[in-house]
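Residue numbers (our numbering): 949 to 1200.
Quick reminder that beta carbons are idealized off the backbone N, C-alpha and C, glycines included.
Structure first, commentary second.
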Amino acid sequence: MGPANEKAIDGFSQWAAERNSTYALGSTPAEVRALIEKLISDAATTPIQIGDYAVDDHVLPFLMYVNGTGDTEKESEAFAQVLVQLRELAAGKTVEDIHPQLTGLMQAWFQTELGTGPDYAGTIAIVCGDVSMPSDPAWYRNKLEEHRGDQPIFAGTHNTIMPCAFWRSEAPKRIDIDNNVPALQIQATGDTRTTYDEGLGMHEAMKGSRLVTVPGRTHAVFPGYANTCANAAVNSYLLDGSLPAEDVVCES
């Protein structure tokens, strides 16, 4: 997921640069990205204090990962506001009203007993059930170092060792998907969780499927992304099982 999330940062950086008069995060996409990378690198030696929590260079990429998920105006505005506050906090300034998005992420990371623990556990169970992963920590260290250049923000987040490396259970029965069963598949081109390339692979294996492609960055196309083309395809499928005659590429 590293490349997809780096691309998401680039997309947001373009958006923020066009609104530099509002947020002052940088007048060019390169300047916005540089600000984000500097916040992370500086936090390695001087963690950002957010209330009771010290946010270092291990936690900050996670904040960028979550904030970069969507590209709607509302999501982009929230991301920009969070970055403005992070910049002020990193400079030692007092921020009276911490953005709810930032507060929620602090709780998600540092107070898993509030409910995020079981949620993460369920996600890990899905991820670790896909394929087996190496158990040698050196393998992950090598992957991390290999991608520091092309994944300057997310190399450590998406190439690090996870519980999957130590998942001890019987190997699941292999299921080869190669059929003509009718199905509707919705995929966003900028999905940072299940990437578009992976979606194309599933579409190829499910030969009876129809793929509805939605230009944009979101992990949940239906119904929250408000794309009328995609919503119409999903509603028709849920109503009576009807599929488009052919694959569809929606307008953004």
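Cα separation between V1043 and R1035?
-> 10 angstroms
Since V1197 contacts A1181 with CB under 8 angstroms, what's their CB separation in whole angstroms?
-> The Cβ separation is near 11 angstroms, so there is no contact.
With DSSP as the reference, label V1197 as helix, strand or coil.
-> strand
Segment contact, 8 angstroms Cβ cut-off, at least three pairs: the region 1120-1140 with the region 1086-1097 | no
In chain order, what residues of the same chain have a beta carbon less than 7 angstroms from the beta carbon of P1009, not counting five sequence neighbours either side?
-> I988, I1101, F1102, G1104, T1105
Does DSSP put L1037 in a helix, a strand or coil?
-> helix
Run through DSSP, which three-state label would L1008 get?
-> helix
Beta-carbon proximity list for G1018, same chain, < 7 angstroms, skipping 5 on both sides | R1165, T1166
Pick out the complete alpha helix (DSSP H) segments inside the region 1057-1106, 4 residues or longer, and give them in chain order.
-> 1064-1076, 1085-1094, 1103-1106
Just to confirm, are F1058 and Y1001 a CB contact at a threshold of 8 angstroms?
-> yes
Going by DSSP, name the residue or residues bridged to M1154.
-> N1127
Which residue comes first and which comes last in the alpha helix (DSSP H) that contains V1182?
-> 1176-1188
Below 8 angstroms between beta carbons: does that hold for G959 and A965?
-> no
What do you get for G1016, buried or exposed, if any count of 16 or more other CB atoms within 10 angstroms of its CB means buried?
-> buried
Would you check if the distance between the CB atom of M949 and the CB atom of R1089 is smaller than 8 angstroms?
-> no
Cβ atoms of V1032 and Y971: under 8 angstroms apart, would you say?
-> yes
My guess is that N1107 and K1121 are in contact by the Cβ rule of under 8 angstroms, so how many angstroms apart are they, rounded?
-> Going by Cβ atoms, the distance from N1107 to K1121 rounds to 29 angstroms, so no, they are not a contact pair.
Residues of its chain near G1172, where Cβ-Cβ distance is below 8 angstroms and the 5 sequence neighbours each way are ignored | T1166
So is F1114 buried or exposed if we call it buried at 16+ other beta carbons inside 10 Å?
-> exposed
N1183 classed as buried or exposed, judged by whether at least 16 other C-beta atoms fall within 10 angstroms = exposed
Is DSSP giving I1046 helix, strand or coil here?
-> coil
Helix or strand or just coil, what does DSSP make of I984?
-> helix
Starting from Y1001 and walking both ways along the beta strand (DSSP E), at which residues does that stretch end?
-> 1001-1003
Beta-bridge partners of T1140, as assigned by DSSP = Answer by DSSP bridge pairing: none, since T1140 is not bridged.
Coarse secondary structure for T1020, derived from DSSP in three states | coil
DSSP three-state assignment for I998, whether helix, strand or coil = strand
What are the partner residues of L1159, as DSSP defines its beta bridges?
-> Q1133
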